[in-house]
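A.B. asks: For reference, the structure I am asking about is given below.
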């Protein structure tokens, strides 16, 4: 599109701004048309004015202040009130079950007790339903957003689904900026919930002009929309500090030695870690990060996988975890240990989880369990110890990817070897060099 054509488009946008938007009289399709044009038009500061990516710096004073100011106290204890009729699907966010994985432990020849926190039982299918609900509710309380407004979010999918579900129920209009890597199942789920999906290049760096984060900032400015921004929104870790972690404490009776979680934005691991350390003396937090990401500490851990050669900048297939920047909502001080994982062991462990426990988990759950297994073996965690692993989402999102044998083979993952890890004790550890 030429600069002149883009100028015409932006003039149309600004006429929308001055029209009766708040009254809901403008069609969402008008905004969608402009969003699609902007996606295909290189950023031109002479036309759009200055647009900046957010400054993500890891846990800072601003997010810490909001984290403490916005606390409301723990969620109501106990399970879901099944004897009552819920008002909406948002009442079915939280109160997820925990499963004792004795069958997988036996197959992997692990002596400690391993527990799975099954976040795919949330209404939208993932742990990110918690933050989608919390971020919208916080923005409503502050007066920042109101029914009919446009919400725009850069996401790897699950946060998008959580926000789209809440937006559909509460009456917001949703635009999602999503890298091409993410599964078609996620796209279709968000579309069905009423969102417009704008795809961006997977290989784009987080602050590149064609990234999903930068496009979200451009769209928010031109459409007078709101980016709630999971990467720096205190509602993200708060949802886990006051919800997820409280449930874990109640379900385990406070008897837990290690909690293992994968790191994406870092909100889940940070919120859970801060509360668990307050309530369970001596607990250790283990974070799992894929090779290709830079989240693990010390930085040298991210350099290179000895087994596969994958390192910083390597494109990896597991979705929803790891980043090429440090989100503001991650507080690395709350994490005691980091474990790095490769795609092959992650997908193989996912198949083992499904085969032996019947838990229909997503790809990142395989990574989290693979990291937990490696940590357990390398640190000789044995009988009498209890390890919990958080499973973030479900296989629903990946039926055409790591749940599909043909996709696995086409992407270099041997199903013969993976099936052998599921059927033969000790072979997983041997194949993926777990000590």
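Residue numbers (full-length UniProt numbering): 1 to 435. Where is the CB? At the ideal position from N, CA and C, for every residue including glycine.
1. By DSSP, does residue 206 sit in helix, in strand, or in coil?
2. Residue 113: which of 389, 427, 425 sits nearest, CA to CA?
3. Out of curiosity, what's the CA-to-CA distance linking residue 49 and residue 118?
4. What do you get for residue 323, buried or exposed, if any count of 16 or more other CB atoms within 10 angstroms of its CB means buried?
5. Tell me residue 327's beta-bridge partners as DSSP assigns them.
6. On the DSSP letters alone, give me the boundaries of the beta strand (DSSP E) that residue 421 sits inside.
7. Taking the alpha-carbon positions, what's the residue 422 to residue 295 distance?
8. By DSSP, does residue 436 sit in helix, in strand, or in coil?
9. Do the CB positions of residue 234 and residue 194 come within less than 7 Å of each other?
10. CB-CB under 6 Å to residue 266, same chain, minus the five flanking residues each way: which ones, in chain order?
11. Give the secondary structure of residue 338 by DSSP, where H, G and I count as helix, E and B as strand, and everything else as coil.
12. Going straight from the alpha carbon of residue 3 to that of residue 42, what length do you get?
13. Between 314, 38, 348, 359, which lies nearest to residue 202 when the distance is taken from Cα to Cα?
14. I need the DSSP call for residue 179, collapsed to helix, strand or coil.
15. Does the region 232–249 come within contact of the region 265–283, defined as at least 3 CB pairs closer than 8 Å?
16. Going along the chain, which residues of its own chain have a beta-carbon closer than 6 Å to the beta-carbon of residue 349, five neighbours each way excluded?
17. Determine the DSSP secondary structure at residue 349, reduced to helix, strand or coil.
18. Whose C-beta lies closer than 8 Å to the C-beta of residue 184 among residues of the same chain, with five residues either side of it excluded?
19. Rounded to whole angstroms, what is the Cα-Cα separation between residue 254 and residue 144?
20. Just the Cα atoms here: how many angstroms apart are residue 23 and residue 160?
21. Where does residue 184 sit, in a helix, a strand or coil, going by DSSP?
22. Which residue from 340, 69, 433, 177 puts its Cα closest to that of residue 311?
23. Can you give me the start and stop residues for the alpha helix (DSSP H) that residue 214 sits inside?
24. Taking only three categories from DSSP, how would you classify residue 285?
25. Grab the span of the beta strand (DSSP E) containing residue 259 for me, first residue to last.
26. So, for residue 218: in the same chain, excluding its five sequence neighbours on each side, which residues have a beta-carbon less than 8 Å away from its beta-carbon?
27. Buried or exposed for residue 258, please, with buried defined as at least 16 other CB atoms from any protein chain shown within 10 angstroms of its CB.
28. Using only CA atoms, which one of 319, 285, 332 lies nearest to residue 298?
29. Rounded to a whole number of angstroms, what is the C-alpha to C-alpha distance between residue 25 and residue 221?
30. Is the region 424–433 close to the region 407–416, with three or more CB pairs under 8 Å?
31. Decide if residue 188 is buried, meaning its Cβ has at least 16 other Cβ atoms within 10 Å, or exposed.
32. Just mark residue 156 as buried or exposed, buried being the case when its beta carbon has 16 or more other beta carbons within 10 Å.
33. Have a look at 364, 138, 200 and flag the residue whose alpha-carbon is nearest the alpha-carbon of residue 166.
34. For residue 364 versus residue 320, is the C-beta spacing smaller than 7 Å?
35. Mapping DSSP to helix, strand and coil, what is residue 117?
36. Roughly how many whole angstroms lie between the Cα atoms of residue 96 and residue 54?
C.D. replies: In short, the structure shows the following:
1. For residue 206, the three-state secondary structure derived from DSSP is coil.
2. The candidate whose alpha carbon is nearest that of residue 113 is 389.
3. If I take the Cα positions, the gap works out to 45 Å.
4. It counts as buried.
5. When beta bridges are read from the DSSP output, residue 327 appears opposite no residue.
6. Unbroken run through residue 421 is the alpha helix (DSSP H), 415–423; no beta strand (DSSP E).
7. Straight-line Cα distance between these residues: approximately 30 Å.
8. No answer is possible for residue 436: the residues shown for the chain start at 1 and end at 435.
9. It is not a contact, given that the beta carbons lie outside the stated cut-off.
10. The residues are 327, 329, 330.
11. DSSP places residue 338 within a strand segment (E or B) once states are collapsed to three.
12. Annotation note: pLDDT 48 at residue 3 (below 50); position unreliable, coordinate value reported separately. Answer to the nearest angstrom: the Cα atoms are 9 Å apart.
13. Of the candidates 314, 38, 348, 359, 314 places its Cα closest to the Cα of residue 202.
14. Of the three classes helix, strand and coil, the one that applies to residue 179 here is strand, per DSSP.
15. Contact holds: three or more Cβ-Cβ distances are below 8 Å.
16. 366, 369, 370, listed in sequence order.
17. It is helical.
18. Cβ within range, chain order: 400.
19. Distance between the alpha carbons of residue 254 and residue 144 is about 38 Å.
20. For residue 23, the predicted model reports a pLDDT of 38, less than 50, meaning its position is unreliable; a value from the coordinates is still stated below. CA-CA distance, residue 23 to residue 160, rounds to 25 Å.
21. When secondary structure is reduced to three states using DSSP, residue 184 falls in the helix class.
22. It is 340.
23. Annotation: the continuous alpha helix (DSSP H) that includes residue 214 extends over 212–223.
24. DSSP places residue 285 in strand when its eight states are reduced to three.
25. Per DSSP, residue 259 belongs to the beta strand (DSSP E) from 258–262.
26. 38, 43, 48, 51.
27. Buried, by the Cβ-count rule.
28. Minimum Cα distance to residue 298 is reached at 332.
29. Note that residue 25 scores a pLDDT of 39, beneath 50, so its modelled location is shaky; the value from the coordinates is reported in the next line. Per the coordinates, the alpha-carbon of residue 25 lies some 20 Å from the alpha-carbon of residue 221.
30. Of all C-beta pairs linking the region 424–433 to the region 407–416, fewer than three are shorter than 8 Å, placing the two stretches out of contact.
31. Flag for residue 188 reads exposed.
32. It is buried - the Cβ of residue 156 has at least 16 other Cβ atoms within 10 Å.
33. For residue 166, the nearest C-alpha among the options comes from 138.
34. A contact, by the Cβ cut-off of 7 Å.
35. Three-state result, residue 117: strand.
36. When rounded, the separation of the alpha-carbon atoms in residue 96 and residue 54 is 33 Å.
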